[in-house]
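In the order they appear, the protein sequences are chains A and V. Letter 231 of the first sequence, counting from 1, is numbered 231 in our numbering, and no numbers are missing. So the number in our numbering is just where the residue sits in the second sequence, counting from 1, plus 1000. Heads up, the thing below is written out as structure tokens.
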Amino acid sequence: MAEADRPWEVAAPFGLLAELTHRCPLHCPYCANPIQLTPRADELTTAQWKDVISQAHAIGVVQLHLSGGEPLARADLPELAFHARSSGAYVNLVTSGVGLTRERALLLADRGVDHVQLSLQDADAGPADYVAGARAHQCKLAAAKAITGAGLPLTVNIVLHRGNIGRTARIIDLAVALGADRVELANAQFYGWGLLNRSTLLPTRDQLDASLVAVEQARTRHAAAGRGPHIVHVVSDYYAGRPKPCMDGWARRQLTVTPSGDVLPCPGASVIRSLPVENALRRPLAEIWYDSEAFNAFRGTGWMSDPCRSCPSRHEDFGGCRCQAFHLTGDAARTDPVCRLSPDRALIDSALAQAGGLPQADHVMRTPPVADARTASEGR
Amino acid sequence: MTTGPTAAVGPAPAPRLGPGVRFTHDAARAADLLLLPEKVLVLNTTAAAVLALCDGSRGLDEITAALKDRYEHVNRQDVIDLLARLEQHRAVAHG
Ligand SMILES: C[S@@+](CC[C@H](N)C(=O)[O-])C[C@H]1O[C@@H](n2cnc3c(N)ncnc32)[C@H](O)[C@@H]1O
Ligand code: SF4
Ligand code: SF4
Chain A
1 MAEADRPWEV
11 AAPFGLLAEL
21 THRCPLHCPY
31 CANPIQLTPR
41 ADELTTAQWK
51 DVISQAHAIG
61 VVQLHLSGGE
71 PLARADLPEL
81 AFHARSSGAY
91 VNLVTSGVGL
101 TRERALLLAD
111 RGVDHVQLSL
121 QDADAGPADY
131 VAGARAHQCK
141 LAAAKAITGA
151 GLPLTVNIVL
161 HRGNIGRTAR
171 IIDLAVALGA
181 DRVELANAQF
191 YGWGLLNRST
201 LLPTRDQLDA
211 SLVAVEQART
221 RHAAAGRGPH
231 IVHVVSDYYA
241 GRPKPCMDGW
251 ARRQLTVTPS
261 GDVLPCPGAS
271 VIRSLPVENA
281 LRRPLAEIWY
291 DSEAFNAFRG
301 TGWMSDPCRS
311 CPSRHEDFGG
321 CRCQAFHLTG
331 DAARTDPVCR
341 LSPDRALIDS
351 ALAQAGGLPQ
361 ADHVMRTPPV
371 ADARTASEGR
Chain V
1001 MTTGPTAAVG
1011 PAPAPRLGPG
1021 VRFTHDAARA
1031 ADLLLLPEKV
1041 LVLNTTAAAV
1051 LALCDGSRGL
1061 DEITAALKDR
1071 YEHVNRQDVI
1081 DLLARLEQHR
1091 AVAHG
């Protein structure tokens, strides 16, 4: 037990989530990006991103997720993909697909992208475009074709929420028809814009139960039809009553770099204001990973208090999500409130009791950072 | 021969790496890795040896035979079990 409590047993990271930009043509109200989006002027340059990727490789990173915002908004995306792949890293592109033409998909495949995760909003253009706040659905269908046409393996991602969860079966069928090898259904998690819109996004218990049945039926249906895709279904931790093993443990396997070069243990961690924020332009990645206060703050189990401290599950779920604990209780070191053993569980139950109460139209769309909006309108 | 019923529920006859799966050696960790869309598996020697033979051309018998050429104590059932576990991770797919 003492072994696992030793904070200095730090292994090399496996993955880097590179949020290349916060710019995005869509406005998903569930977006997990922070409310404080990074304006374009503060984004790392191509050379700076390449340096970050090289440093990440040097400290052990073998998997790179190119995400955002919308990574296609960066003209240097193929160059960065090539740079990452040259180091041997697995390159995963996470995209909304808007702007992913056949030519671009072929170029990205040629530059070494290993796999593409394409997100859809819904099964039909009407509700999909409503949630995206843009006419995006048709572009996404074309993007899926471009991806598979370029020989790239495809995962289709869908965030499930109150507005689309009733169409779970048809969403899966669409993903399969688009040629997905994997379908990832993620019930909306409540971070950033998603937390802001929690009351309109949370499905009811009945909706969730129906979608669980729909997923099982789809698994049988598509397995029977031959080579079925892998269907991953991540149920909301609010309903599961057990915390997710967030990031497989704080600063244990992955790190995140934001558009401006902030280095975080997870994409949500910028909300924890009690922690100093490190930046790749000011400090080497190796030092941040091994020696920084932020990365060491919740490593291991030594930081835990009750009920986690003595709980047998603490080595599997690591006490849940630090950002969620901070968001909901103001203290990042508390037990994740979604846990049934947490003294703060009532915060979750009261949110669940209100699920289904507010109309979907009340949601707040994700909007670009103010500086970008101004530049865009001045440019006209 | 036990191929009949066992093979029907067990792993595919000619396994190969699944879509988007890449086998690599990591010099820094001195380990063989399997890179998948959403995860990284650190392979032990046995898993690495079996995966290196999963190219879609060899069936279970050929894989077992090739392993027997190189290692002592190769058990066909162990290979079946390992392939089944790798299939669960979506690391290998049907040939
Ligand atoms: C933040 S997006 C960035 C990439 C790209 N703009 C896109 O949407 O595909 C990364 C992935 O997270 C998913 N996502 C966004 N908000 C989420 C939330 N609140 N809960 C779960 N997944 C979410 C998106 O569907 C997408 O697959
Ligand atoms: S989730 Fe939607 S709004 Fe957020 S970055 Fe992706 S496409 Fe843009
Ligand atoms: S008390 Fe802590 S360690 Fe135990 S299940 Fe809850 S969050 Fe996990």
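By construction, the Cβ of each residue, glycine as well, lies at the ideal position given by its N, Cα and C atoms. What you are looking at is a predicted structure, and each value in this text was computed from that prediction instead of being measured.
Close Cβ partners of A/Phe394 (< 8 Å) along its chain, the five nearest in sequence each way excluded: Because residue 394 of chain A is not part of the residues shown, which for chain A are 1 to 380, the question remains open.
Nearest to A/Cys31 (by Cα), restricted to the options A/Leu281, A/Leu201, A/Pro265, A/His115: A/Leu201
Given A/Ala280 as reference, the closest of A/Ala12, A/Leu44, A/Arg104 once Cα atoms are compared: A/Leu44
CB contact below 9 Å: A/Gln324 versus chain V: no
Outcome for A/Gly330 when other beta-carbon atoms lying within 10 angstroms are tallied against a minimum of 16: exposed
Closest by C-alpha distance to A/Asn148, when choosing among A/Ile272, A/Ala105, A/Ala58: The displayed chain sequence assigns Thr, not Asn, to residue 148 of chain A. Comparing Cα positions, the closest option is A/Ala105.
Pair within 9 Å by beta-carbon distance, A/Gln48 and A/Pro284: no
Short Cβ contact (9 Å threshold) for A/Arg85 with A/Arg102: no
Interface residues of the stretch 160-182 of chain A facing chain V [CB-CB below 7 Å]: Asp181, Arg182
A/Asp114 at chain V interface by Cβ criterion, 9 Å: yes
Segments assigned beta strand (DSSP E), at least 3 residues, entirely inside the stretch 21-80 of chain A: 63-68
Residue closest to A/Phe326, alpha-carbon to alpha-carbon, out of A/Leu341, A/Arg340, A/Gly268: A/Gly268
One or two residues paired with V/Val1092 in a DSSP bridge: V/Leu1017
Within 7 Å of chain A by C-beta, residues of the stretch 1030-1041 of chain V in sequence order: Leu1033, Leu1035, Pro1037, Val1040
Chain-ordered chain A contacts of V/Asp1026 [CB-CB under 9 Å]: Gly60, Val62, Gly88
Three-state secondary structure (DSSP) of A/Phe295: helix
Exercise answer, beta-carbon shell around ligand 2 heavy atoms below 6 Å: A/Cys24, A/Leu26, A/His27, A/Cys28, A/Cys31, A/Asn33, A/Gly68, A/Gly69, A/Glu70, A/Ser96, A/Arg366
Selection from A/Ser350, A/Asp349, A/Asp317, A/Leu352 that minimises the alpha carbon distance to A/Thr335: A/Asp317
A/Gly394 versus A/Lys140 - alpha carbon distance: Residue 394 of chain A is absent from the structure shown; chain A starts at 1 and stops at 380.
Burial state of A/Gln189 (16 or more Cβ within 10 Å): buried
A/Ala381 versus V/Val1074 - alpha carbon distance: In the structure as shown, chain A begins at 1 and stops at 380. Residue 381 of chain A is therefore absent and cannot be evaluated.
Endpoints, beta strand (DSSP E) assigned at A/Tyr90: 90-95
Interface flag, V/Gly1056 vs chain A, CB-CB below 9 Å: no
Selected residue, minimal CA-CA separation from A/Ile53, among A/Phe82, A/Cys28, A/Asn33, A/Glu70: A/Phe82
Listed by chain order, chain A residues near V/Pro1019 by CB distance under 7 Å: Pro153, Asp181
Where the alpha helix (DSSP H) containing V/His1025 begins and where it ends: Looking at the DSSP string, V/His1025 is not in any alpha helix (DSSP H); the run it does join, the beta strand (DSSP E), is 1022-1026.
Uninterrupted alpha helix (DSSP H) stretches inside the stretch 264-344 of chain A (no shorter than 4 residues): 285-291, 293-296, 314-317, 322-329
Same chain, Cβ closer than 7 Å to A/Arg6, five either side skipped, listed in chain order: Its pLDDT being 45, under 50, A/Arg6 is placed unreliably by the model, and the measurement read from it follows with that caveat. Gly300, listed in sequence order.
Run of the alpha helix (DSSP H) containing V/Glu1062, from where it starts to where it stops: 1060-1070
Touch test, the stretch 1046-1057 of chain V against the stretch 159-175 of chain A, Cβ-Cβ under 8 Å, three pairs minimum: no
Contact set for A/Gln360: own chain, Cβ-Cβ below 8 Å, skip 5 residues either direction: Arg162, Gly163, Thr200
Limits of the beta strand (DSSP E) - the one that A/Ile158 falls within: 154-160
Near ligand 3: A/Ser236 beta-carbon under 8 Å from a heavy atom: no
Beta strand (DSSP E) segment containing A/Val185, residue limits: Position check: residue 185 of chain A holds Leu in this sequence, whereas Val was assumed. Looking at the DSSP string, the run of the beta strand (DSSP E) that includes A/Leu185 is 182-187.
For V/Leu1082: DSSP bridge partner residues: In the DSSP output, where bridge partners are listed per residue, V/Leu1082 has none listed.
Ligand 4 heavy atom lying under 8 Å from the CB of A/Ser86: The model depicted lacks ligand 4 and carries ligand 1, ligand 2 and ligand 3 instead.
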